[in-house]
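Same order as they appear, the protein sequences are chains A and B. Note that this note's numbering gives residue 194 to position 194 of the first sequence, counting from 1, and the numbers run on in steps of one. Note that this note's numbering gives residue 125 to position 125 of the second sequence, counting from 1, and the numbers run on in steps of one.
Protein chains: 2
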Amino acid sequence: MSQATPQGVEASMPQQAEGCLGASDLPTLKATNGGKKKAEGSAKTKSPKVSTASAARLVIQRVETAILVIDAGPPEQQVSIGAGLVVYVCFLKEASVGTVAELVDLLFRADLLCLPNEDGSANRKVCLAQFPQDVDLLVVPQASLAGRLKANALQFHSLAPKPEAQELYRRFIEDLRAKAQAEAARVPGRKLRVEAGVYGNLQRLTFSSPGPFTTCIEI
Amino acid sequence: MSQATPQGVEASMPQQAEGCLGASDLPTLKATNGGKKKAEGSAKTKSPKVSTASAARLVIQRVETAILVIDAGPPEQQVSIGAGLVVYVCFLKEASVGTVAELVDLLFRADLLCLPNEDGSANRKVCLAQFPQDVDLLVVPQASLAGRLKANALQFHSLAPKPEAQELYRRFIEDLRAKAQAEAARVPGRKLRVEAGVYGNLQRLTFSSPGPFTTCIEI
């Protein structure tokens, strides 16, 4: 069964000067497991070595509008979207370029949106690639998603180191925009817009949701 | 390592007439595993039988303000909070009265809030029970959190049946309010307020967050 129990994290997150683990106040994690390195090959087992660690965590919310003000800066530092999805993303230690590709694919093929049926009786689920109307995405870097509760503290051992996570985030946005451009062209006149928060900056989020609808995806 | 992979769910959620799995458009799930009952005792194993299923899922977001309009109804159907936490909650099949007690305890003891240090250098994490200022909670029933992606569809096999989930939700709010009242009294003048959405109703959510800060907890 699916589990997201607070395992695999052993120490607290370093305290943050800029804002209590907000959108992107990402820590520079110290290497904490150097002394715990397993003696490889010292104990052979029958089962193959399979990593069960996760590579990324998403929380997705459907919204009608959302505004992200980065560093409470001037208007050009503000991004906003209309109807669509807010996608909070966090890269974990297992993340790679493949994770980015998987996330982009997932966001376009998963039935995360909905449309009323013609007879009004129900809604049908639709993926981003096949959604017939304009739809916007707002991506928010969200290190706090790596948090796992141990005793009373949220701990962040699974979080990818900042340089790697920052590069993966940059690539994620780039690939998401390329995919959106390609997919938008399949439905004449439809717009697929990708807006994004800035990795490592504090940002104020406001949104309005008709539902709300919140879902978590871990890969 | 912690995992929330889309396992353990085998069929799609029934389509919803009222709003695409919004805050509380909860399905009445059919019993789908009647034919798959394990032949108990037919194969003894050395390891004890331990359930690894989850009982509840929370997504928690720090907010400055949040407004929940239930069924787009009259003003008395609107609840709003100031600075505090929005807590989206979903009860799964393994949920019991004990789950409610565990969730209430967890929300008050986990270091989910933060305060600037006196020298302004950093923030320190604080739990609800020890937070020295007023703090509000807005609880939103959120069946969509049970969703696990299989192929392209979110599936909801782990969701608790509606009557049980509704009763657990009612109890959760009641116990949370009782705990808030008891805890508030420990700090003279401090207010701990619990507002809540209505289980099974569509509700429109608007919030503003300074961070944002989003975390997932599964028990």
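Ideal placement from N, C-alpha and C gives every residue a C-beta, glycine not left out.
Collapsing the DSSP output to three states places Tyr-88 (chain B) in a strand.
The beta-carbon distance between Ala-56 (chain B) and Val-104 (chain B), rounded to whole angstroms, is 11 Å. This is too long to meet the 8 Å contact definition.
Taking Ala-110 (chain B) as the centre and dropping the five residues before and after it, the same chain places the C-beta of Cys-127 closer than 7 Å to its C-beta, in chain order.
Counting every other CB atom within 10 Å of its CB across the protein chains shown gives Pro-210 (chain A) a total of 16 or more, marking it as buried.
Under the 10 Å beta carbon count, Asp-71 (chain B) is surrounded by fewer than 16 other beta carbons and is classified as exposed. Secondary-structure assignment with DSSP links Ser-158 (chain A) through no beta bridge to anything. Judged by DSSP secondary structure, Arg-204 (chain B) falls within the beta strand (DSSP E) whose first and last residues are 203–209. A distance below 6 Å between beta-carbons, with the five flanking residues on each side excluded, links Phe-91 (chain B) to the following residues of its chain, in chain order: Ala-56, Ala-160, Ala-165 and Leu-168. Note: Arg-124 (chain A) is bridge-paired with A:Leu-115 in the DSSP secondary-structure output. Residues of chain B whose Cβ lies closer than 8 Å to the Cβ of Tyr-88 (chain A) are, in chain order, Pro-212 and Thr-214.
For Gly-147 (chain B), the residues of chain A that pass the 7 Å Cβ criterion are Thr-215, in the order they occur in the chain.
Those residues of the stretch 198–211 of chain B placed with their C-beta closer than 9 Å to a C-beta in chain A are Leu-202, Gln-203, Arg-204, Leu-205, Thr-206, Phe-207, Ser-208, Ser-209, Pro-210 and Gly-211, ordered along the chain. Taking 9 Å as the upper bound on Cβ-Cβ separation, chain B lies near residues Arg-148, Leu-149, Ala-151, Asn-152, Ala-153, Leu-154 and Ser-158 of the stretch 148–163 of chain A.
The CB of Arg-177 (chain B) never comes closer than 9 Å to any CB in chain A; the least such distance is about 22 Å. Among the residues of chain A, none has a CB under 9 Å from the CB of Gln-166 (chain B); the nearest is roughly 18 Å distant. Annotation: the continuous beta strand (DSSP E) that includes Val-140 (chain A) extends over 135–141. Short of 8 Å from the beta carbon of Ser-54 (chain A), and not among the five residues preceding or following it, lie these beta carbons of its own chain, in chain order: Leu-92, Glu-94, Ser-158, Glu-218 and Ile-219. Between the stretch 130–150 of chain B and the stretch 192–210 of chain B, the count of C-beta pairs closer than 8 Å reaches three or more; the two stretches touch.
What Arg-109 (chain B) touches in chain A, judged by beta-carbon distance under 9 Å, is Ala-151 and Asn-152, going in chain order. A distance below 8 Å separates the beta carbons of Val-187 (chain B) and Pro-132 (chain B). Excluding the 5 residues flanking it on each side, Ala-180 (chain B) has same chain C-beta neighbours closer than 6 Å at Leu-192 and Val-194, in chain order.
Lys-125 (chain B) has a beta carbon lying within less than 8 Å of a beta carbon in chain A. Listed in chain order, the positions of the stretch 56–78 of chain A with a beta carbon within less than 8 Å of a beta carbon of chain B are Arg-57, Val-59 and Arg-62. Ile-173 (chain B) sits in a helix when the DSSP states are folded into three classes. Shortest Cα-Cα distance from Thr-99 (chain A) to any of A:Ala-122, A:Pro-116 and A:Leu-58 involves A:Leu-58. Not one beta carbon of chain B lies nearer than 8 Å to the beta carbon of Gln-133 (chain A). Listed along chain A, the residues sitting closer than 7 Å to Ser-144 (chain B) by beta-carbon distance are Phe-213, Thr-214 and Thr-215.
In this structure, the CA atom of Asn-123 (chain B) is about 16 Å from the CA atom of Gly-84 (chain B). In this chain, Glu-94 (chain A) is not harboured by any alpha helix (DSSP H), its DSSP state being neither H nor E. Boundaries of the beta strand (DSSP E) around Arg-62 (chain A): 56–63.
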